[in-house]
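Student:
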Amino acid sequence: MKRMAVTATALVAAAALALTGCSGERGGGTDEGSSAEETTGFEAGSTIGVALPDKTSENWVLAGQLFKDGLEEAGFKADVQYAPASNTVAEQQNQIQAMVTGGAKVIIIGAKDGKQLATQVQAAKDAGAYVIAYDRLIENTEAVDYYVAFDNFKVGELQGTALLEGLAERAGHEAPYNIELFSGSPDDANSKVFFDGAMSVLQEKIDDETLNVVSGQTEIAQTATEGWLAENAQNRMDTLLTGSYSGETVLDGVLSPNDTLARAIITSVQQAGKPVPVVTGQDSEVESVKSIMEGIQYSTINKDTTLLVEQSIKMVQQLQAGEDVEVNDTESYDNGEKIVPAYLLDPVIVTKENAAEAYANVPSLLEIVESYQ
Ligand code: BGC
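FYI, my numbering numbers position 307 of the sequence shown as 309, with every residue one higher than the one before it.
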């Protein structure tokens, strides 16, 4: 298995070099700290730390189990910790520090607040450990080696496109369409990237008046959902409905950054006795997949957690063996101190129409889809 992975890595690295025409630098890396020349490997069977945030969506719940099983299967000792829902930042900082003290060779971090981990990841570096930012970037530090995630900007683009397509399909009238915008938690670096990706599609449609954000709230700060909490999205939607959609004004669509918030937004609209608008999502959570199949939520995104965890463990194996670490993006993720070499996976948009195809490799979701057909 390992041999095969190494061979594949070497091939990919060679192909990347051929494509970019760049020579010398391993893995396309542009930063000294990330250069694989410095990778010396470490003892097989070492401890790998995995610090995950609070469980704000199903993907985080799944990731913990997959990391534990996958790392142990690969022969490592796994120390998987979640930050609790309260005092999350401080607890995560403590957990990472404890992993460093405990001698973890790689620390994989799904950050609660990627701006508040510089001290802990520097301690990891100083102790000779590697740091991989998982799903969410860690900001303002040199001490993060790699980033592994689904392409967050593309997630946003797909959401923006789905909103436009859903409106054309379901609004029941020609443009202009009345919409509202929601974004994720401001302490999560992904939130801005998702929003920027969506606005790269929607802004021109707002400018040419195809779309009308009736509340006028188009700045990310106005649209944010603190803590990614459903109740915060539901409260904001309640307020928007009262303030901007009384009387004849119909809400046609809502940009929602994930499924948990999508369902909260839909609940708010239903409780107000109004027709459900076109609502986007992300994560392919079970309840949202059902809702999509029932024709309520319009879309979600498939970011298969299994693949993301597998890719992370592959990085750990490459580091352990002292091999080049495979990355496919060395431009996009500037964390304020460095461009973090990244391996980005491809997110897939899912609507009722393509659900069976989109979940062809996700048996648990495919089963749900098929139960509606
Ligand atoms: C993840 C999303 C998730 C959100 C809330 C983000 O960082 O990329 O998949 O919906 O956190 O948990």
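Glycine included, every Cβ here is placed at the ideal spot set by N, Cα and C. Keep in mind the model is a prediction, meaning the values are calculated, not measured.
#1: Quick one: Cα of Met295 to Cα of Lys305, how far?
#2: By DSSP, does Gly162 sit in helix, in strand, or in coil?
#3: Mind checking Lys156: buried by the 16 CB within 10 Å criterion, or exposed?
#4: Can Met265 be considered in contact with the ligand BGC, in the sense that its beta carbon sits closer than 7 Å to one or more heavy atoms?
#5: Should Val311 go down as buried or exposed, given a rule of 16 or more other Cβ atoms within 10 Å for buried?
#6: What do you get for Gln284, buried or exposed, if any count of 16 or more other CB atoms within 10 angstroms of its CB means buried?
#7: Is Leu253 helix, strand or coil by DSSP?
#8: Counting only the same chain and skipping the five closest in sequence on each side, list residues whose C-beta sits under 6 Å from that of Tyr132.
#9: Hey, how far is the Cα of Leu347 from the Cα of Gln313?
#10: Tell me whether Asp337, by its Cβ, gets closer than 7 Å to a heavy atom of the ligand BGC.
#11: Less than 7 Å separating the Cβ of Gly158 from some heavy atom of the ligand BGC?
#12: From Ile98, Leu257, Val288 and Asn363, pick the residue whose C-alpha is nearest to that of Gln309; which is it?
#13: Evaluate contact between the segment 156-172 and the segment 363-374, counting only Cβ atoms and requiring at least three cross-stretch pairs below 8 Å.
#14: Starting from Ser246 and walking both ways along the alpha helix (DSSP H), at which residues does that stretch end?
#15: When you compare each of Thr58, Val102 and Phe69 to Ala85 by their alpha carbons, which one comes out closest?
#16: For the beta strand (DSSP E) that Gln83 lies in, which residues bound it at each end?
#17: Please classify Gly275 as buried or exposed, where buried requires at least 16 neighbouring CB atoms within 10 angstroms.
#18: Taking 7 Å as the cut-off, is the beta-carbon of Gly412 closer than that to any non-hydrogen atom of the ligand BGC?
#19: Compute the beta-carbon to beta-carbon distance between Leu257 and Phe152, rounded to the nearest angstrom, for a pair I have assumed lies under 8 Å.
#20: State the DSSP-derived secondary structure class of Glu141, mapped to helix, strand or coil.
#21: Determine the burial state of Ala398: buried for a count of at least 16 other Cβ atoms within 10 Å of its Cβ, exposed for fewer.
#22: Kindly list the residues whose CB is nearer than 6 Å to the CB of Gln122, restricted to its own chain and excluding five residues on each side of it in sequence; keep chain order.
#23: Apart from the five residues on each side of it in sequence, which residues of its chain come closer than 6 Å, Cβ to Cβ, to Ala357?
#24: Which residues does DSSP pair with Gly275 in a beta bridge?
#25: Tell me which residues share the same chain as Ile110 and place their Cβ nearer than 6 Å to its Cβ, disregarding the 5 neighbours each side in the sequence.
#26: Going along the chain, which residues of its own chain have a beta-carbon closer than 8 Å to the beta-carbon of Leu263, five neighbours each way excluded?
#27: In terms of DSSP beta bridges, what is Asp331 paired with?
#28: DSSP state of Gly51, grouped into three classes?
#29: What do you get for Gln319, buried or exposed, if any count of 16 or more other CB atoms within 10 angstroms of its CB means buried?
#30: Which residue spans inside the segment 151-222 form an unbroken alpha helix (DSSP H) run of at least 4?
#31: Which same chain residues, not among the five before or five after Glu74, have their C-beta less than 7 Å away from its C-beta?
#32: Does the Cβ of Asp348 lie closer than 7 Å to at least one heavy atom of the ligand BGC?
#33: By how many angstroms is the C-alpha of Leu68 removed from the C-alpha of Val82?
#34: Return the chain-ordered list of same chain residues with a C-beta closer than 6 Å to the C-beta of Asp240, the five sequence neighbours on each side being excluded.
#35: Less than 7 Å between C-beta atoms, sequence neighbours within five positions excluded: which residues of the same chain meet that for Lys292?
#36: Taking the CB atoms as reference points, tell me whether Ile178 and Leu213 lie closer together than 8 Å.
Tutor: So, from the data block:
#1: Working through the sequence shown from its first residue, we reach residue 295 at position 293. Working through the sequence shown from its first residue, we reach residue 305 at position 303. Answer to the nearest angstrom: the Cα atoms are 18 Å apart.
#2: Taking the sequence shown and counting its residues from 1, one reaches residue 162 at position 160. Helix.
#3: Taking the sequence shown and counting its residues from 1, the one referred to as residue 156 is at position 154. That one is buried.
#4: Numbered from 1 along the sequence shown, position 263 holds the residue referred to as residue 265. A small correction: the amino acid at residue 265 is Arg; Met does not occupy that position in the sequence shown. No, the ligand BGC has no heavy atom inside 7 Å of this Cβ.
#5: Mapped onto the sequence shown, residue 311 falls at position 309. Burial call: buried.
#6: Here residue 284 refers to the residue found at position 282 of the sequence shown. Per the 10 Å Cβ criterion, buried.
#7: The residue you call residue 253 lines up with position 251 of the sequence shown. In this structure, Leu253 counts as coil in the three-state DSSP scheme.
#8: As a working mapping, residue 132 is identified with position 130 in the sequence shown. Closer than 6 Å at Cβ, skipping near neighbours: Val108, Asp147 and Leu321.
#9: For the purposes of this step, residue 347 is taken as the residue at position 345 of the sequence shown. For the purposes of this step, residue 313 is taken as the residue at position 311 of the sequence shown. Distance between the alpha carbons of Leu347 and Gln313: 9 Å.
#10: Translated into positions along the sequence shown, residue 337 becomes position 335. Sequence inspection shows Asn at residue 337; the Asp mentioned does not correspond to that position. It does not: the Cβ of Asn337 is nowhere closer than 7 Å to a heavy atom of the ligand BGC.
#11: Numbered from 1 along the sequence shown, position 156 holds the residue referred to as residue 158. Checking every heavy atom of the ligand BGC against the Cβ of Gly158, none is found closer than 7 Å.
#12: Within the sequence shown, numbered from 1, the residue matching residue 309 stands at position 307. Per the sequence shown, the amino acid found at residue 309 is Leu instead of Gln. Ranking Ile98, Leu257, Val288 and Asn363 by Cα distance to Leu309 puts Asn363 first.
#13: no
#14: Taking the sequence shown and counting its residues from 1, one reaches residue 246 at position 244. Segment Ala232 to Ser246, the alpha helix (DSSP H) holding Ser246.
#15: Reading the sequence shown from its first residue, position 83 is the one you call residue 85. Per the Cα distances, Thr58.
#16: Within the sequence shown, residue 83 is the residue found at index 81, counting from 1. Lys79 to Tyr84 is the span of the beta strand (DSSP E), which, as asked, contains Gln83.
#17: Within the sequence shown, the letter at position 273 stands for residue 275. By the 10 Å Cβ count, Gly275 comes out exposed.
#18: Residue 412 lies beyond the range of the chain shown here (3 to 375); nothing can be said about it.
#19: Position 255 of the sequence shown, counting from 1, holds the residue named residue 257. Position 150 of the sequence shown, counting from 1, holds the residue named residue 152. That belief does not hold up - the Cβ atoms of Leu257 and Phe152 are roughly 18 Å apart, past 8 Å.
#20: Here residue 141 is taken as the residue at index 139 of the sequence shown, counted from 1. Coil.
#21: Nothing about residue 398 can be reported from this structure: the residues present for the chain run from 3 to 375 only.
#22: For the purposes of this step, residue 122 is identified with residue 120 of the sequence shown, where counting begins at 1. Cβ within range, chain order: Gln95, Ile98 and Gln99.
#23: Locating residue 357 in the sequence shown gives position 355, counting from the first residue. These residues qualify, in order along the chain: Val371.
#24: Residue 275 sits at position 273 when you count from the first residue of the sequence shown. The partner list for Gly275 (beta bridge, DSSP) is empty, contrary to what the question assumes.
#25: One-based indexing of the sequence shown puts residue 110 at position 108. Only Val52, Ile134, Tyr136 and Ser314 meet the Cβ criterion.
#26: Position 261 of the sequence shown, counted from the first residue, corresponds to residue 263. Closer than 8 Å at Cβ, skipping near neighbours: Phe184, Gly186, Thr227, Trp230, Ala232, Ala235 and Gly283.
#27: Numbered from its first residue, the sequence shown carries residue 331 at position 329. Bridge partners of Asp331: Ala344.
#28: Mapped onto the sequence shown, residue 51 falls at position 49. Three-state DSSP puts Gly51 in a strand.
#29: Residue mapping note: residue 319 aligns to position 317 of the sequence shown, counting from 1. Answer is buried; the Cβ neighbour count reaches 16.
#30: 154-172 and 191-209
#31: Working through the sequence shown from its first residue, we reach residue 74 at position 72. Ala80.
#32: Stepping through the sequence shown from its first residue, residue 348 is reached at position 346. Answer for Asp348: no, Cβ out of range of the ligand BGC.
#33: Start at 1 with the first residue of the sequence shown, and residue 82 comes out as number 80. Start at 1 with the first residue of the sequence shown, and residue 68 comes out as number 66. Roughly 10 Å separates the two Cα atoms.
#34: By 1-based counting over the sequence shown, the position of residue 240 is 238. Correct list, in chain order: Ser270.
#35: Translated into the one-based positions of the sequence shown, residue 292 becomes position 290. Excluding residues within five positions, the ones whose Cβ falls inside 7 Å are Ile370.
#36: Sequence index remark: in the sequence shown, residue 178 carries index 176 (1-based). Sequence index remark: in the sequence shown, residue 213 carries index 211 (1-based). One detail in the question is off: residue 178 reads as Pro in this sequence, not Ile. Yes. Within cutoff.
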